[in-house]
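Numbering (the numbering used here), first residue to last: 5 to 465. Glycine included, C-beta positions come from ideal geometry on N, C-alpha and C. All values derive from a computational prediction rather than experimental measurement. Quick notes on the structure that follows.
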């Protein structure tokens, strides 16, 4: 049983923009609120039922068009559609291990005339017989969280279901969807590529505009404009547009700081298109030219990206490629004098995250510790962040004496590179021979970024 997303309140009688639950959308392509999908493997007569709210002219006056059963069938391919009002009675019959026949006027079936009841029932006999022997299973999207922020209705449903001795054991369907969604089909890759292409354009427009901007939100406005212009559903995550010291905060999403010539701007923005999201980061100089200090940090991160790409091939894991990138970061930080021991965790002061995560319907998508195989999509995003207050607080696990020695040793380099934050992030898909850069159209090399900015700003004069 899969439930559609519950609407969420923004304030009073205003909801957040509605976004369908990923797995229900994955199977049906439906964005309808209040829909429930029931899959019945083994039932040759009724393998699937979509419970759908009846169209309401009064509701459509306020909130727009609702799917008719015929439209839902065309979009989803689900041939049997029952009115949502039948769902509770259907569940009650399952609990009581009794066959259930909905009202004829509540049924749509694409291969039968409207209102037709199946003469031989709905094929539930095997399922109900198994439930009578305590051998039936009911699969839900179940999370490990005590109180899920996203799947509260599933948790409520499961809590209520176990109160009844129904003959159905509850099982978690997440492993099945994880396996299905990890490897992307060609149609999924096309959707992802489109989201990536929109994001690339947003980055490029922002680079051109940043030279005249006074505030981060002016640059961020270029992103919002491009997303709307290209019909992206939304962002896949709140935009990160940080200039100078703000570039050293990993998830800085305020866009309220000043834009200053001579500083770096870090932009981590990704469009979502038809439930698939891009995730791309670039760091560029506001004035169009990297300083020697900025270039030194940038080149280390670039080289780490190259190491991640080289290690990316079928059979590898996210941990494998992250280690490859981290080794380059360690060497670079040691060379700059920002750490004194590459074989310790000192590097974590300036690089505190991994290089990669899965990408798809979520910006941090399903996949866990799976091995790479052709068709899986992930990010390549090393970074170095020399936060202005990085040496002001004792990190967890450090002894004060060791911390004091470390600070004294690296202080000159820290003052030299302080407030520089660099992250470069690209979206990658594994191929039979290695990896393909899906976001390769966005300039990445130092010289390419400088050249692009110079040409773009000259054209805008």
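- Using a 10 angstroms sphere on the CB of residue 264, the tally of other CB atoms stays under 16, which defines it as exposed.
- Taking one beta carbon from each stretch, the stretch 298 to 308 and the stretch 449 to 461 have 3 or more pairs nearer than 8 Å; the two touch.
- For residue 10, no alpha helix (DSSP H) segment is defined, and its DSSP state is neither H nor E.
- In this model, residue 261 and residue 250 are separated by some 8 Å (Cα to Cα).
- About 7 Å separates the beta carbons of residue 188 and residue 364, which is inside the 8 Å limit, making them a contact pair.
- Within the model, the alpha-carbon separation for residue 252 versus residue 271 is close to 11 Å.
- In the DSSP assignment, residue 304 falls outside any beta strand (DSSP E) and lies within the alpha helix (DSSP H) extending over 296 to 315.
- For the pair residue 367 and residue 316, the Cα-to-Cα distance works out to about 19 Å.
- For residue 420, the enclosing alpha helix (DSSP H) starts and ends at 404 to 421.
- Burial of residue 279 is indicated by the presence of at least 16 other C-beta atoms within 10 angstroms of its C-beta.
- Under the 8 Å Cβ criterion, the stretch 373 to 386 does not count as touching the stretch 347 to 354, having fewer than three qualifying pairs.
- Taking C-alpha positions only, residue 457 is separated from residue 192 by approximately 32 Å.
- In the three-state reduction of the DSSP assignment, residue 432 falls in the strand class.
- Contact check for residue 234 against residue 284 fails: the beta carbons are separated by 9 Å or more.
- Assignment of residue 323 by DSSP, reduced to helix, strand and coil, places it in the helix class.
- Shown here, residue 91 sits in a helix according to DSSP, grouped into three states.
- Residue range 284 to 289 is occupied by the beta strand (DSSP E) that includes residue 285, with no alpha helix (DSSP H) assigned at that position.
- In the DSSP assignment, the residues bridged to residue 269 are 247 and 288.
- Annotation for residue 229: no residue places its beta carbon closer than 7 Å to its own, counting only its chain and skipping 5 residues before and after.
- CA-to-CA, the gap between residue 241 and residue 387 works out to about 19 Å.
- Here residue 247 has 220, 261, 263, 267 and 269 as same chain residues with Cβ atoms under 6 Å from its own Cβ, once five neighbours each way along the sequence are excluded.
- In this structure, the alpha-carbon of residue 129 lies about 14 Å from that of residue 172.
- Residue 147 and residue 153 have their C-alpha atoms roughly 10 Å apart.
- Of 216, 194 and 155, the smallest CA-CA separation from residue 176 is found for 155.
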